[in-house]
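Listed in order, the protein sequences are those of chains A and B. Here the working numbering is used: the first sequence runs in plain steps of one and ends on residue 262. Here the working numbering is used: the second sequence runs in plain steps of one and ends on residue 262. Backbone N, C-alpha and C fix where the C-beta goes; we use that ideal spot for every residue, glycine too. Reviewing the structure listed below.
Protein chains: 2
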Amino acid sequence: MAGETTRGQQTKWQTPCQQCPLRSLPSFRDFSAKELDFVAQFKRGELSVERGATILVEGMHSAHLFTLLSGWAFRYKLLPDGRRQIMNYVLPGDLVGLQGSLMDEMDHSVEALTPVTLCVFERAQLGRLFERHASLAYDLTWIAAHEETILDEHLLSIGRRTALERTAYLLSFIHQRARSAGIVGGRRVMPITQQHIADTLGLSLVHTNKTLRKLADRKLMRWQDRGCEILDAEGLLDLSGWEGLKRKTQPFI
Amino acid sequence: MAGETTRGQQTKWQTPCQQCPLRSLPSFRDFSAKELDFVAQFKRGELSVERGATILVEGMHSAHLFTLLSGWAFRYKLLPDGRRQIMNYVLPGDLVGLQGSLMDEMDHSVEALTPVTLCVFERAQLGRLFERHASLAYDLTWIAAHEETILDEHLLSIGRRTALERTAYLLSFIHQRARSAGIVGGRRVMPITQQHIADTLGLSLVHTNKTLRKLADRKLMRWQDRGCEILDAEGLLDLSGWEGLKRKTQPFI
DNA sequence: CGCGGATTTGAGCGACGTCAAGGAGCGTGG
DNA sequence: CCACGCTCCTTGACGTCGCTCAAATCCGCG
């Protein structure tokens, strides 16, 4: 799977952890040398997938977990009749598949929104991590608890905010996350379709479209070609009634 | 706060961990002697609160975390104008306040639905736990990831299930959890009002009432006095399109 | 040029919300 | 014992937000 040789002995090692481009971003915490050593050998390879590829499938048992290195992905669940709910988006630095590594099977699926590269870790080594690297173990727990925080806020949105508020919230949320992950390419954020937004917010595609139009009419954002441009981040945040991301720096692995 | 003396030297120690009533339940994992020792000294006392009391408040910084020993509670968030979203219910064996111990402040509040007893742990000792008890650290991560799993399913419900399906899901969910926590007192489950159900499912009180009526008409459940009786657990599960709880045994602290 | 995916827009409808009113159960004080 | 004031549950009437259906349009790509 990952770490396969492309030709001869050469593995697909694009990025040794020591030079991980994420580490230099202000929003990620620093590693000690010892931690870095461990993570470097914890990493088993890299995995690259196309846009639209499914990285993990609900119900599967996976021997790996991943950190997303570059690109965008999202986590979702399906109802038997095909209704889809997107739980969250996965950005560089985010851990993927921790839940599936701890429980026996994935409770959700993960799909790539763009071409994506992931660092591959072996689930079997998680035990070693917990035994020998308390600080990283702590980080893992932190990461899981942080995801819980985000889901709480999403739940509040879907359960209690109006369509307009929800949409403003989601755009603000994604915008802030993208900024902190260092991937706001100019004015265009988010490689997603309106269908993704609908499936994240629990709305229909048509109503999502009309709601986005209202936001555009208020000059808060502008939709363009699989994504949107944020015109008035403050206005959106205001409308959503959300407090914004709290954490300045986050751990990652 | 907790551990205060009631008279003379006698502390409110109702339950030494060695005799914790939860440990004998089939759904909780066993401790090794070493783990038990640590947890026993990690526990700083007990806290008892009345029905309706607020145990933790969103935005607060708490020096403690808790395991619920007996009773029912729930986690919720509020919008500035008072709209409330309940994220989950807290049953015996559940950890409360982990998120607030890892981040700096609570992202949600917790309120007691019945008189509640909690074991009190000190946040400051979490570091020791991670350093010396890898297996417990692993459990903490597991617990956080498990909560994530539950929130994923709730999100799916609120986002994509109809009012009838949602309600059937919630009743099934609470029923299964109550069973596995060993607190189904006869036929009456759940010390909650219809307002709680509404705030959990993102519905209005009136519509919740009408939806419960439909379930009752189908002889799936019967509402009675702050709670409900499950008449046809299978029928409810079926209607909800939920797969049911997966885990047989869960760790706790 | 043709095709498929994404976005738009209008029309009509239905699920769910709001408003309003009433009843049942219960604890408290007179 | 009774009256009262709560909280919670119920039900009807009516309004509306968001859904479904349907049809265009736009656009990148083969």
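Compare the C-beta of R84 (chain A) with all C-beta atoms of chain B and state if any pair is closer than 9 Å.
yes
**Item:** P89 (chain B): contacting residues in chain A (beta-carbon distance under 8 Å)
**Value:** G250
Contact under 9 Å by Cβ, E114 (chain A) with K257 (chain B): no
Any beta-carbon of chain B closer than 9 Å to the one on M112 (chain A)?
-> yes
Self-check item: Three-state secondary structure (DSSP) of V3 (chain A)
Solution: No information on residue 3 (chain A) is available, as it lies outside the stretch 10 to 262 that chain A covers here.
| task | Using a Cβ-Cβ cut-off of 9 Å, state whether K255 (chain B) counts as contacting chain A. | result | yes
I think V105 (chain A) touches L65 (chain A), with their Cβ atoms under 8 Å apart; what is that distance to the nearest whole Å? 7 Å
message = Let me see if you follow: with CB-CB separation under 9 Å, is G168 (chain A) close to chain B or not?
response = yes
Q) Is the closest heavy atom of the ligand SAM to the C-beta of A187 (chain A) under 8 Å? A) Judged by which ligands are present, the structure shown has none, so any question about the ligand SAM falls away.
Query raised in the report: For the beta strand (DSSP E) that contains R84 (chain A), what are its first and last residues?
Result: 82 to 87
Which class does F40 (chain A) belong to by DSSP, given the choice of helix, strand or coil?
-> coil
Leaving aside the five residues before and after L245 (chain B) along the sequence, list all residues of the same chain whose C-beta is less than 6 Å from its C-beta, in chain order. A177, L180, S181, L229
Legend entry - N- and C-terminal bounds of the beta strand (DSSP E) containing L229 (chain B): Note, L229 (chain B): premise wrong, no beta strand (DSSP E); not H, not E.
Q: Could you check the C-alpha separation between S79 (chain B) and T126 (chain B) for me, to the nearest Å?
A: 5 Å
Original post:
Helix, strand or coil: which one does DSSP assign to R93 (chain B)?
Top reply: In this structure, R93 (chain B) counts as strand in the three-state DSSP scheme.
Inset, instruction - Could you work out which residues of chain A lie near D116 (chain B), taking near to mean beta carbons separated by less than 7 Å? - result: T158, D161
- Task: Can you have a look at A49 (chain A) and say buried or exposed, based on whether 16 or more other CB atoms are within 10 angstroms of its CB?
- Result: exposed
Check: What's the C-alpha gap between I206 (chain A) and A207 (chain B)?
Finding: The straight-line gap from Cα to Cα measures roughly 25 Å.
C-alpha distance - S36 (chain A) paired with F40 (chain B), whole-angstrom precision: 38 Å
Within 9 Å (strictly less), CB to CB, does M96 (chain B) reach chain A? yes
According to DSSP, is G105 (chain B) helix, strand or coil? Looking at the sequence itself, residue 105 (chain B) is Val, so the reference to Gly does not match. DSSP places V105 (chain B) in strand when its eight states are reduced to three.
_To the nearest angstrom, how far is the alpha carbon of T209 (chain A) from that of G168 (chain A)?_
12 Å
Between the region 218 to 228 of chain A and the region 58 to 76 of chain A, do three or more beta carbon pairs fall short of 8 Å? no
### Task
Whole angstroms is fine: what's the gap from E243 (chain A)'s alpha carbon to S189 (chain A)'s?
16 Å
Bridge partner(s) assigned by DSSP for G54 (chain B) = B:V129
Item to check | Backbone CA spacing between A153 (chain B) and T76 (chain A) [nearest angstrom] | outcome: Per the coordinates, the alpha-carbon of A153 (chain B) lies some 18 Å from the alpha-carbon of T76 (chain A).
- prompt: If you measure from the beta carbon of L258 (chain B) to each beta carbon in chain A, is any gap under 9 Å?
  reply: First, the residue type needs correcting, since residue 258 (chain B) is Thr and not Leu in the sequence shown. So no, T258 (chain B) is outside the interface.
> Under the rule that 16 or more other beta-carbon atoms within 10 Å means buried, what is E120 (chain B), buried or exposed?
Replying inline: Buried, by the Cβ-count rule.
- Under 7 Å by beta carbon: chain B residues contacting L164 (chain A): Q94, M96, L160, H163, L164, I167
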